[in-house]
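Participant:
2 protein chains.
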Amino acid sequence: MAKSPKISASHEPGGLIVHISGLLPSLSPAEQRVARLVVADPADAARRTITDLATAAETSEATVIRFCRSVGMDGYPQLRIRLAAEAARRIEPPDARVVGGDIPPGADLAQIIATISFNDARAVEETAEQLDPAVCEQVVEAIVSAGRIEVYGAGASGFVASDFQQKLHRIGRIAFSFPDVHTALTSAALLGKGDVAIGISHSGTTSDVIEVLEQARSRGAVTVALTNFPRSPITERADFVLTTAARETTYRSGAMASRLAQLTVVDCLFVGVAARNRARARRALEVTAEAVRTHRVGGSRRRS
Amino acid sequence: MAKSPKISASHEPGGLIVHISGLLPSLSPAEQRVARLVVADPADAARRTITDLATAAETSEATVIRFCRSVGMDGYPQLRIRLAAEAARRIEPPDARVVGGDIPPGADLAQIIATISFNDARAVEETAEQLDPAVCEQVVEAIVSAGRIEVYGAGASGFVASDFQQKLHRIGRIAFSFPDVHTALTSAALLGKGDVAIGISHSGTTSDVIEVLEQARSRGAVTVALTNFPRSPITERADFVLTTAARETTYRSGAMASRLAQLTVVDCLFVGVAARNRARARRALEVTAEAVRTHRVGGSRRRS
DNA sequence: GCCACGGATGAAACTTACTTTCATGAGCCG
DNA sequence: CGGCTCATGAAAGTAAGTTTCATCCGTGGC
Numbered sequence: 001m002a003k004s005p006k007i008s009a010s011h012e013p014g015g016l017i018v019h020i021s022g023l024l025p026s027l028s029p030a031e032q033r034v035a036r037l038v039v040a041d042p043a044d045a046a047r048r049t050i051t052d053l054a055t056a057a058e059t060s061e062a063t064v065i066r067f068c069r070s071v072g073m074d075g076y077p078q079l080r081i082r083l084a085a086e087a088a089r090r091i092e093p094p095d096a097r098v099v100g101g102d103i104p105p106g107a108d109l110a111q112i113i114a115t116i117s118f119n120d121a122r123a124v125e126e127t128a129e130q131l132d133p134a135v136c137e138q139v140v141e142a143i144v145s146a147g148r149i150e151v152y153g154a155g156a157s158g159f160v161a162s163d164f165q166q167k168l169h170r171i172g173r174i175a176f177s178f179p180d181v182h183t184a185l186t187s188a189a190l191l192g193k194g195d196v197a198i199g200i201s202h203s204g205t206t207s208d209v210i211e212v213l214e215q216a217r218s219r220g221a222v223t224v225a226l227t228n229f230p231r232s233p234i235t236e237r238a239d240f241v242l243t244t245a246a247r248e249t250t251y252r253s254g255a256m257a258s259r260l261a262q263l264t265v266v267d268c269l270f271v272g273v274a275a276r277n278r279a280r281a282r283r284a285l286e287v288t289a290e291a292v293r294t295h296r297v298g299g300s301r302r303r304s
Numbered sequence: 001m002a003k004s005p006k007i008s009a010s011h012e013p014g015g016l017i018v019h020i021s022g023l024l025p026s027l028s029p030a031e032q033r034v035a036r037l038v039v040a041d042p043a044d045a046a047r048r049t050i051t052d053l054a055t056a057a058e059t060s061e062a063t064v065i066r067f068c069r070s071v072g073m074d075g076y077p078q079l080r081i082r083l084a085a086e087a088a089r090r091i092e093p094p095d096a097r098v099v100g101g102d103i104p105p106g107a108d109l110a111q112i113i114a115t116i117s118f119n120d121a122r123a124v125e126e127t128a129e130q131l132d133p134a135v136c137e138q139v140v141e142a143i144v145s146a147g148r149i150e151v152y153g154a155g156a157s158g159f160v161a162s163d164f165q166q167k168l169h170r171i172g173r174i175a176f177s178f179p180d181v182h183t184a185l186t187s188a189a190l191l192g193k194g195d196v197a198i199g200i201s202h203s204g205t206t207s208d209v210i211e212v213l214e215q216a217r218s219r220g221a222v223t224v225a226l227t228n229f230p231r232s233p234i235t236e237r238a239d240f241v242l243t244t245a246a247r248e249t250t251y252r253s254g255a256m257a258s259r260l261a262q263l264t265v266v267d268c269l270f271v272g273v274a275a276r277n278r279a280r281a282r283r284a285l286e287v288t289a290e291a292v293r294t295h296r297v298g299g300s301r302r303r304s
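Have a look at this one:
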């Protein structure tokens, strides 16, 4: 097992912009200024010369080049071209939806709904676009052949972890998730070769989750990280890194788009695992559905 | 500078490629060779350097520049960027997304990802579209002025319930959610006028949730139902009904799109509530974020 | 047939853009 | 408080793009 996680350097099929904003926190301050300009208006950036862009970002050309390299480009010209292409593709934002920004103070419910759903949907789409099928495949493979699967997450990511655990469990995989660190650590210590440990953290900096993942890895389990930031600490403890692409409206507003993005990844993995053995999975799903049938009341004649 | 050819300067409506091939015959032989290369593969041309392209067209750089001017560009860099943009736009649509349907048996991960995310994103968008702002407003109002809020859900909807509870709690509302029916029933029995009870059930037929909601209502609490089916049993016990619009890929495949749709509604209500008292909500969010700060590891900066 | 003329063309000079190197200085760890 | 690492921009160096200009070739007039 390779020790360095696959950040899929050259693989950012979905969006370069998405890729860049994911990398943003791992960039140096000066590079971040450049990145922000680029993300804010890719088309405009593509039009600028390197000197021009450097000046606009209040830095030197050298830093712009470094930025190019940091996001996986060969040099500035390549970045320019990619940006132009990217910008052309995303001619979409037609209406004045508050993209990525905060909710304006005087907003009414209709505005709030439009903004939230737009950002949520976008997070889902962009996450899917930049998800690397090859890495997913390997993770699915690991899960399918795992003796035991453990999923870790804290706070909002904890619900996602539980959701994943529940899904895996429903199709007959032996999966666990934990409400607290101690239990998780204890359990992780009992993992071994062939087991799978999945850590979920939007920021990639949740020490509890990192710690548990580290523990799991030291016991020989295959480790997977699910985070929004491909260069965050958690990725160093993971054999496989899966990234989401959520730009939270406001960082502290409680996870909103981020957990939807995480759940989308969970869905993909889940279906991927289920698809490996359709018959068995289907049977399991039917059995479990049957089990709760008596907890449903009849005529839901839905004709929505 | 009077001698340059007068071609429709900067405005070539249809497409740059179309434009170029249109005036191809009016170009000099050497320029035509360049033009043909460009038209044949714009994306490739965009990647080439001027020297490279000149060589490929068996001509000199000077001619390439002349060609740029002939088609109305300022210079080679501009042409490059326009070409990249053009190329990006024209290969977009042919995307074999598996819409709405089930995942085909032989599907690979890339297909799965496309299908899932498409349906997930759609569920979010469609839910937002049909969500009634007026009803949301009333629910928000009820939550804001509630003495206590309880959220019920079973299975996958249980996670959504917990998520909502956690969010409300974070902004200082007194909210609860429950892992089992008994506790929930007990708690619901203690609700009274001015309290709010929210029941979440995708199918709208989960008897446990219905039962608890009924209990809450009988105690005078305001009841809210969140379901995908506006005519389902749960709606009969609710003062306010909020609906999601998820079409699950496969009914029994475990809730996927449905919970994303539910979470979107949760997000909207949450932001709606938070917006009612920005200052207080913001302060609460900051305090809670600070509380977990020591559980985050710092410097995510790294270079590959 | 010879000679002006003009457009097309590429070589080379030139300019600008891009890239690398290196010295500096800030922050961090022991 | 040294001795590190790392981020950064100035400046040197290289490559890309642009201009200039001499040449070439075909044309048409004499």
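If you read the sequences in order, they're chains A and B.
Residue numbers for the first sequence follow full-length UniProt numbering, beginning at 1 and rising by one.
Residue numbers for the second sequence follow full-length UniProt numbering, beginning at 1 and rising by one.
Note that the Cβ used here is the ideal one computed from N, Cα and C, for glycine as well.
What you are looking at is a predicted structure, and each value in this text was computed from that prediction instead of being measured.
Suppose only complete runs of 3+ residues qualify. What are the beta strand (DSSP E) ranges in the segment 95-175 of chain A, listed by chain order?
Facilitator: Whole beta strand (DSSP E) segments, 3+ residues: 149-153.
Participant: Given that Glu236(B) touches chain A, what residues does it touch there, using C-beta distances under 7 Å?
Facilitator: As a position in the second sequence, residue 236(B) is number 236, starting the count at 1. Ordered by position in chain A, no residue passes the 7 Å Cβ test against Glu236(B), which lies about 10 Å from the chain.
Participant: Tell me the DSSP secondary structure of Val71(A) in three-state form.
Facilitator: Locating residue 71(A) in the first sequence gives position 71, where the first residue counts as 1. Here Val71(A) sits in coil by DSSP.
Participant: Hey, Ala175(A) and Leu168(A) are a contact pair by Cβ (cut 8 Å); roughly how many whole angstroms apart?
Facilitator: Along the first sequence, one-based indexing puts residue 175(A) at 175. Along the first sequence, one-based indexing puts residue 168(A) at 168. 4 Å between Cβ atoms; contact.
Participant: Do Val209(B) and Ala154(B) have their C-beta atoms within less than 8 Å of each other?
Facilitator: For the purposes of this step, residue 209(B) is taken as residue 209 along the second sequence, with counting starting at 1. For the purposes of this step, residue 154(B) is taken as residue 154 along the second sequence, with counting starting at 1. Cβ atoms of Val209(B) and Ala154(B): closer than 8 Å.
Participant: Go ahead and label His19(B) buried or exposed: buried means 16 or more other beta carbons lie within 10 angstroms of its beta carbon, across all protein chains shown.
Facilitator: Residue numbering aside, residue 19(B) sits at position 19 when the second sequence is read from its first letter. Under this definition His19(B) is a buried residue.
Participant: Let me confirm a value: Thr183(A) is counted as buried when at least 16 other C-beta atoms fall within 10 Å, else exposed. Which label applies?
Facilitator: The residue labelled residue 183(A) in the question sits at position 183 within the first sequence. Counting Cβ neighbours within 10 Å, Thr183(A) comes out exposed, since fewer than 16 surround it.
Participant: Are His202(B) and Thr227(B) close, meaning C-beta to C-beta below 8 Å?
Facilitator: In the second sequence, counting from the first residue as 1, residue 202(B) sits at position 202. In the second sequence, counting from the first residue as 1, residue 227(B) sits at position 227. In this structure, Thr227(B) lies closer than 8 Å to His202(B) by Cβ.
Participant: Starting from the Cα of Glu58(A), find the closest Cα among Ala246(A), Ala35(A), Thr235(A), Ser26(A) and give me that residue.
Facilitator: On the first sequence, position 58 is the one that residue 58(A) refers to. The option with the nearest alpha carbon to Glu58(A) is Ala35(A).
Participant: Pull up the distance between the alpha-carbon of Val196(B) and that of Asp41(A), whole angstroms please.
Facilitator: Indexing the second sequence from 1 puts residue 196(B) at position 196. Indexing the first sequence from 1 puts residue 41(A) at position 41. Rounded to the nearest angstrom, the two C-alpha atoms are 44 Å apart.
Participant: Under the three-state reduction of DSSP, which class applies to Leu27(B): helix, strand or coil?
Facilitator: Numbered from its first residue, the second sequence carries residue 27(B) at position 27. Coil.
Participant: Do Ile113(B) and Leu79(A) have their C-beta atoms within less than 8 Å of each other?
Facilitator: Taking the second sequence and counting its residues from 1, the one referred to as residue 113(B) is at position 113. Taking the first sequence and counting its residues from 1, the one referred to as residue 79(A) is at position 79. No, they are not a contact pair.
Participant: Taking Arg276(B) as the reference, give the member of Gln165(B), Val151(B), Glu137(B), Ser162(B) with the closest Cα.
Facilitator: Here the question's residue 276(B) lines up with position 276 in the second sequence. Considering only alpha carbons, the answer is Glu137(B).
Participant: Does any residue of chain A have a CB that is nearer than 8 Å to the CB of Thr183(B)?
Facilitator: Locating residue 183(B) in the second sequence gives position 183, counting from the first residue. By this cut-off, Thr183(B) is not an interface position.
Participant: Short check: CB of Thr235(B) to CB of Ala261(B), under 8 Å?
Facilitator: Taking the second sequence and counting its residues from 1, one reaches residue 235(B) at position 235. Taking the second sequence and counting its residues from 1, one reaches residue 261(B) at position 261. No.
Participant: Taking the beta carbon of Gly199(A) as the centre, do at least 16 other beta carbons fall within 10 Å, making it buried, or is it exposed?
Facilitator: Working through the first sequence from its first residue, we reach residue 199(A) at position 199. Looking at its Cβ environment, which holds 16 or more other Cβ atoms inside 10 Å, Gly199(A) is buried.
Participant: Using a beta-carbon distance below 8 Å, is Gly272(A) in contact with chain B?
Facilitator: The residue given as residue 272(A) occupies position 272 in the first sequence. Closer than 8 Å: yes.
Participant: When we look at the beta-carbon of Asp108(B) and count the other beta-carbons within 10 Å, is it buried (16 or more) or exposed?
Facilitator: Residue numbering aside, residue 108(B) sits at position 108 when the second sequence is read from its first letter. Asp108(B) comes out exposed.
Participant: Spatial neighbours of Asp74(B) within its chain, please: CB distance less than 8 Å, with the 5 preceding and 5 following residues excluded, ordered by chain position.
Facilitator: Looking up residue 74(B) in the second sequence gives position 74. Counting only Cβ-Cβ distances below 8 Å, and skipping sequence neighbours, we find Cys68.
Participant: What does Val39(B) touch in chain A if you count any residue whose Cβ is under 8 Å from its own?
Facilitator: As a working mapping, residue 39(B) is identified with position 39 in the second sequence. Simply none; closest approach about 17 Å.
Participant: Does the segment 147-166 of chain B come within contact of the segment 146-162 of chain A, defined as at least 3 CB pairs closer than 8 Å?
Facilitator: The answer is yes - the segment 146-162 of chain A touches the segment 147-166 of chain B, with three or more Cβ pairs under 8 Å.
Participant: At 7 Å on the CB atoms, spell out the chain B contacts of Met256(A), in chain order.
Facilitator: Looking up residue 256(A) in the first sequence gives position 256. Those within 7 Å of Met256(A) in chain B are Asp267.
Participant: Counting only beta-carbon atoms, is Ile116(B) nearer than 8 Å to chain A?
Facilitator: For the purposes of this step, residue 116(B) is taken as the residue at position 116 of the second sequence. Yes, its Cβ sits closer than 8 Å to a Cβ of chain A.
Participant: Just to confirm, are Val64(A) and Ile50(A) a CB contact at a threshold of 8 Å?
Facilitator: The residue you call residue 64(A) lines up with position 64 of the first sequence. The residue you call residue 50(A) lines up with position 50 of the first sequence. It is a contact, given that the beta carbons lie within the stated cut-off.
Participant: Cys136(B) versus chain A: which residues are under 9 Å apart at the beta carbon?
Facilitator: Reading the second sequence from its first residue, position 136 is the one you call residue 136(B). Correct list: Leu109, Ala110, Ile112, Ile113.
Participant: Using 8 Å for Cβ pairs, my map puts Thr88(A) next to Ala46(B). What's the rounded Cβ distance?
Facilitator: As a first step, residue 88(A) must be located in the first sequence, where it is residue number 88. As a first step, residue 46(B) must be located in the second sequence, where it is residue number 46. One detail in the question is off: residue 88(A) reads as Ala in this sequence, not Thr. Their Cβ separation, rounded to whole angstroms, is 11 Å, which puts Ala88(A) and Ala46(B) out of contact at 8 Å.
Participant: Quick check on DSSP: helix, strand or coil for Phe229(B)?
Facilitator: As a working mapping, residue 229(B) is identified with position 229 in the second sequence. Phe229(B): coil per DSSP, three-state reduction.
Participant: If you measure from the beta carbon of Glu61(A) to each beta carbon in chain B, is any gap under 8 Å?
Facilitator: One-based indexing of the first sequence puts residue 61(A) at position 61. No, no contact with chain B.
Participant: Give me the chain B residues within the contact set of Ser162(A), using Cβ-Cβ distance strictly less than 8 Å, ordered along the chain.
Facilitator: To locate residue 162(A), count along the first sequence from 1; it is residue 162. Ordered by position in chain B, the residues that pass the 8 Å Cβ test against Ser162(A) are Phe159.
Participant: Using DSSP's beta-bridge definition, name the partner residues of Val222(A).
Facilitator: Against the first sequence, residue 222(A) aligns to sequence position 222. Note: Val222(A) sits in a beta bridge opposite Val196(A).
Participant: Could you give the first and the last residue of the continuous beta strand (DSSP E) run that contains Phe178(B)?
Facilitator: What you label residue 178(B) is simply residue 178 of the second sequence in a count that begins at 1. Where Phe178(B) is concerned, there is no enclosing beta strand (DSSP E), given that its DSSP letter is neither H nor E.
Participant: Would you verify that the beta carbon of Ile81(A) is, or is not, closer than 8 Å to some beta carbon of chain B?
Facilitator: Sequence index remark: in the first sequence, residue 81(A) carries index 81 (1-based). Closer than 8 Å to some Cβ of chain B, the Cβ of Ile81(A) qualifies, so yes.
Participant: Which residues mark the beginning and the end of the beta strand (DSSP E) in which Leu242(B) is found?
Facilitator: Within the second sequence, numbered from 1, the residue matching residue 242(B) stands at position 242. Here the beta strand (DSSP E) through Leu242(B) covers 240-243.
Participant: With a threshold of 8 Å on Cβ separation, who are the neighbours of Gly192(A) within its own chain once the five nearest residues in sequence on each side are excluded?
Facilitator: Working through the first sequence from its first residue, we reach residue 192(A) at position 192. Counting only Cβ-Cβ distances below 8 Å, and skipping sequence neighbours, we find Gly147, Arg219, Gly220, Ala221.
Participant: Just to confirm my understanding: we take Arg237(A), look at its own chain, exclude 5 residues before and 5 after, and list those with CB closer than 8 Å. What are they?
Facilitator: Position 237 of the first sequence, counted from the first residue, corresponds to residue 237(A). Same-chain partners within the cutoff: Gly199, Ile210, Leu213, Glu214, Arg217, Thr223, Ala225.
Participant: In whole angstroms, what is the alpha-carbon distance linking Asn119(A) and Ala84(A)?
Facilitator: Residue mapping note: residue 119(A) aligns to position 119 of the first sequence, counting from 1. Residue mapping note: residue 84(A) aligns to position 84 of the first sequence, counting from 1. Whole-angstrom Cα-Cα distance: 23 Å.
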